[in-house]
Every structure is written in structure tokens, then in C-alpha cells.
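Below is one structure; the comments refer to it alone.
Protein chains: 2
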Amino acid sequence: MPSKESEFQAVENANLSFYQAFGSLDLPRMEAIWSHENPVHCVHPGWGLLTGRQNIMDSWARIFENTSLMHFRITDSQFEITDNRAMVICIENITSVVDTNVSEFRVLATNMFRKETNSWQIMHHHGSPLYPS
Amino acid sequence: MPSKESEFQAVENANLSFYQAFGSLDLPRMEAIWSHENPVHCVHPGWGLLTGRQNIMDSWARIFENTSLMHFRITDSQFEITDNRAMVICIENITSVVDTNVSEFRVLATNMFRKETNSWQIMHHHGSPLYPS
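If you read the sequences in order, they're chains A and B.
Going by the working numbering, the first residue of the first sequence is number 26, and it counts up by one from there.
Going by the working numbering, the first residue of the second sequence is number 26, and it counts up by one from there.
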């Protein structure tokens, strides 16, 4: 059994790997962090629910095609970890360049991870716009 | 061990109980379905992250005070259930009357439940606006 500390570190690393893949705009990196098992779901801010690995990967390909820069600073992370599931809630502080338009915005995300052969794979991402309070 | 079918039914009932409590605008019913353990989190559409039972209950009190009718039709529910955690993703088709304004809208929700002494209690609600596609 891994210690609580090492498991926390593994989940935190999985969450950061997700955002590193996102920021790299590199589809193979994004494919590597997503679960190959079912179910998998994804909600991009303002989109409907995507279900199934193929639909989700198609959405990342589409996002990456239209984006020339995406920089993430992840803050306010909250964790809940059991033997084989982990929930991370965090704020994505984003600087992006989409179709030559630079913007800064924040997204509130719920990310669910499933432990599969000792690796934490993302199984659900729910991102929604976070407006200035 | 409960059967997979009875566990599915229990989680589905817990999710519907959450929306019945919401629709009844009855704070004690809402208090009964939320976990007394930590962590608990809640993201209302357009709000920031609320953490801790007191903050979450205060938010429901505030929502209920300003709402005279809230009717839910829950569709497109997706489930992932392990021994002691359950994720439900669903669409809330809502008719509401807030400050005498009637509106119809949809919210995409991720709801996380924790099994506590044989009862499924909600531990995280993340709702975000779902716009017509």
C-alpha cells in the first residue's frame, strides 16, 4: 500500500500532468493522461457533455488546432482521495491566444481520476467559467 | 454487500433526493442529503467554489430565500459507482421563478456522493450553465 503522502503526490502529479498536456497543445500527451477505460466524460466551459474517449480526444484536437498558446497557473486545489478514485477541484488561471486574440480568464474545474494499474488516469473533467466576484 | 443493482438504485435515489430537496426549497431537506463529513464542496452556476458545510448551507438558504418556484426535470444521467464513492453527471432542466421572473434553463451538473453508514450523502455539486447548442 502506498503511503497517504505518496498517493497525494501521485494524484497532484496526475492533475498537473493534465494541465501540462493541455498547455503543451500536444495531443499524444493528452491521450496519455486520459483513461482508456469506461466511463470517461468531459465538459469544456460552455460545451455540452462529451462521453467516450473518441469524442473527448476529438474535442482536444479541435481545441489545440485553434489555439496558439495556452498557459496555466493552477491554484486553490482541493483533494479527496480513496483507494482507487480521486477528486481534484482547482482553479485554472489561464492566458490564451486563440485565433490571434489574447485573453486572461479563470476556469473552475472538477477533475476525477481513476487508479488503473498503479497509474492515476483522468476519467472526468468539468470546467466552467469563473467570473470576477 | 449490496448488489450492483440495489447500489445503483440507492445512488440514483440519492441524486433525485438532492433535486427534490432543491425543488422543495426546504432547507432541512437539503441539510439531510449533504454530508456531515469533510471535505464538502459546492459550485452553483456562476458562483465561486464553496467549501465546508456551513458555507454551503448558507448558500442554499440564500438561494431559497430569493426563489419562489424551482422545478427540476433530470435527464441524461451518467453514473460511476465504487464501494464508497459515486459520481452522477446529469442535466437539470429547470423552470424557476426568482424575484417574480420566470425562466427556463439547463444546468450541467457533476454530483459526487460519499457512502456514510450505508447512506449516500452528497459531498460535491458542480453546476454550470448549459447553453442551447
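Ideal Cβ positions, reconstructed from N, Cα and C, are used throughout, including at glycine.
At a cut-off of 7 Å, the C-beta of B:E30 has no neighbouring C-beta in chain A. When C-beta atoms of the region 84 to 92 of chain A are compared with those of the region 26 to 42 of chain B, fewer than three pairs fall below 8 Å, so the two segments do not count as touching. Distance from the CA of A:S144 to the CA of B:T92, rounded to the nearest whole angstrom, comes to 45 Å.
Taking 8 Å as the upper bound for CB-CB distance, A:E117 and A:G152 are in contact here, some 7 Å apart.
Less than 7 Å separates the beta-carbon of A:R78 from that of A:V65. Residues F47, G48, L50, I119 and S121 of the same chain have their beta carbon placed closer than 7 Å to that of B:M95, with the five preceding and five following residues left out of the count. Cβ proximity to chain A below 7 Å picks out Q103, E105, T107, N109, R110, M112, I114 and L133 from the region 102 to 134 of chain B. For A:Y156, the chain B residues whose Cβ falls inside 8 Å of its Cβ are G71, in order along the chain. Neighbours of B:T76 across chain A, judged by C-beta separation under 8 Å: Q103.
Not a single C-beta of chain A is nearer than 7 Å to the C-beta of B:H150. Within 10 angstroms of the beta-carbon of A:Q34 lie fewer than 16 other beta-carbons, which makes it exposed.
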